[in-house]
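Report on the structure given below.
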Amino acid sequence: MVTLRTLTLNDALALTRIYSGASIQHTTGKPLTLDQAHEKIRTALARAAETPRAQWSWGIVAAGEMIGLISLRRRTPSMGTLSYILREDTWGNGYATEAVKHVATFAFTTAGLERLEAMHHPDNPASGRVLTKVGFTRTGTADRPAEDGTAVAYEVYALPLP
Numbered sequence: 003m004v005t006l007r008t009l010t011l012n013d014a015l016a017l018t019r020i021y022s023g024a025s026i027q028h029t030t031g032k033p034l035t036l037d038q039a040h041e042k043i044r045t046a047l048a049r050a051a052e053t054p055r056a057q058w059s060w061g062i063v064a065a066g067e068m069i070g071l072i073s074l075r076r077r078t079p080s081m082g083t084l085s086y087i088l089r090e091d092t093w094g095n096g097y098a099t100e101a102v103k104h105v106a107t108f109a110f111t112t113a114g115l116e117r118l119e120a121m122h123h124p125d126n127p128a129s130g131r132v133l134t135k136v137g138f139t140r141t142g143t144a145d146r147p148a149e150d151g152t153a154v155a156y157e158v159y160a161l162p163l164p
């Protein structure tokens with residue numbers, strides 16, 4: 003079972019563990035430094051204070067330990083995007099699926115959204131399985147730039163208001 007909670011500055015070390023190793027192979031590919039983790043948390047806290055609110059970020063907690071991060075961003079008044087990352091040693095336990103379910107419920111009830119979208123790197127099919135388990139449907143691909151200048155076709159998924 004996972005819970006979601008607001009980030010605190012004390013989460014910086016946990017974020018450096020989350021943003022490292024295989025967990026970042028399909029993101030920047032670069033581990034997060036402690037200073038970068040503090041800045042990421044400060045940015046999340048500042049966005050939490052904005053009105054109207056356009057972004058929410060939560061720590062994903064299992065067995066009393068922060069093992070991941072999940073964020074919801076309002077892109078239009080009715081549509082939001084979802085992103086998440088888990089520490090590599092926690093993969094395969096259903097934690098991402100549970101966290102996505104929590105955020106989808108929040109998005110459709112508290113945030114008042116009518117549609118969620120998410121995408122994943124084509125070499126990360128496990129993330130697509132998470133989205134499908136929650137009820138997202140694959141809608142196509144979106145080209146994202148790679149470091150070498152080429153385009154990578156990310157898988158795109160959508161979940162309408164139930």
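Be aware that the sequence shown starts at 3, since it is given in my numbering, and climbs by one per residue.
Where a beta carbon is used, it is the ideal one built from N, C-alpha and C, also for glycine.
Under DSSP, the beta strand (DSSP E) around residue i begins and ends at which residues?
i	result
Ser-73	67-76
Leu-6	4-8
Ser-85	81-88
Ala-144	139-147
Trp-58	57-64
Pro-162	153-162
Ala-120	117-122
Within a Cβ cutoff of 6 Å, which residues of the same chain sit near residue i, ignoring the five residues on either side of it in sequence?
i	result
Phe-110	Leu-163
Gly-178	It is not possible to answer for residue 178, since the shown part of the chain is limited to 3 through 164.
Ala-148	Val-154
Ala-46	Leu-9 and Ser-59
Thr-5	Val-63
Enumerate in chain order the residues of its own chain whose CB-to-CB distance from residue i is below 8 Å, with the five nearest sequence positions on each side excluded.
i	result
Val-136	Thr-99, Val-102, Lys-103, Ala-106 and Leu-161
Leu-36	Ala-14, Leu-15 and Thr-18
Thr-134	Arg-140 and Tyr-159
Considering just the uninterrupted stretch of the alpha helix (DSSP H) at residue i, what are its terminal residues?
i	result
Asp-37	36-50
Arg-131	127-136
Thr-99	97-111
Ala-14	14-20
If you check the beta carbons only, do residue i and residue j fall under 9 Å apart?
i	j	result
Thr-139	Glu-157	no
Arg-76	Leu-115	yes
Tyr-86	Val-132	yes
Please look up how many angstroms separate the CB atoms of residue i and residue j, rounded, as I've assumed it's under 8 Å.
i	j	result
Leu-17	Leu-71	7 Å
Ala-113	Leu-74	7 Å
Tyr-97	Ala-64	6 Å
His-28	Asn-126	5 Å
Can you find at least 3 beta carbon pairs, one from the stretch 74-90 and one from the stretch 12-27, that sit closer than 8 Å? By the C-beta criterion, the stretch 74-90 is judged to be in contact with the stretch 12-27, since at least 3 inter-stretch pairs fall below 8 Å.
Contact between the stretch 72-84 and the stretch 112-123 (3+ Cβ pairs under 8 Å): Yes, since at least three Cβ pairs between the stretch 72-84 and the stretch 112-123 fall closer than 8 Å, the two stretches touch.
contact_flag[the stretch 55-64, the stretch 3-19] where n(CB pairs < 8 Å) is 3 or more: They touch, by the three-pair rule.
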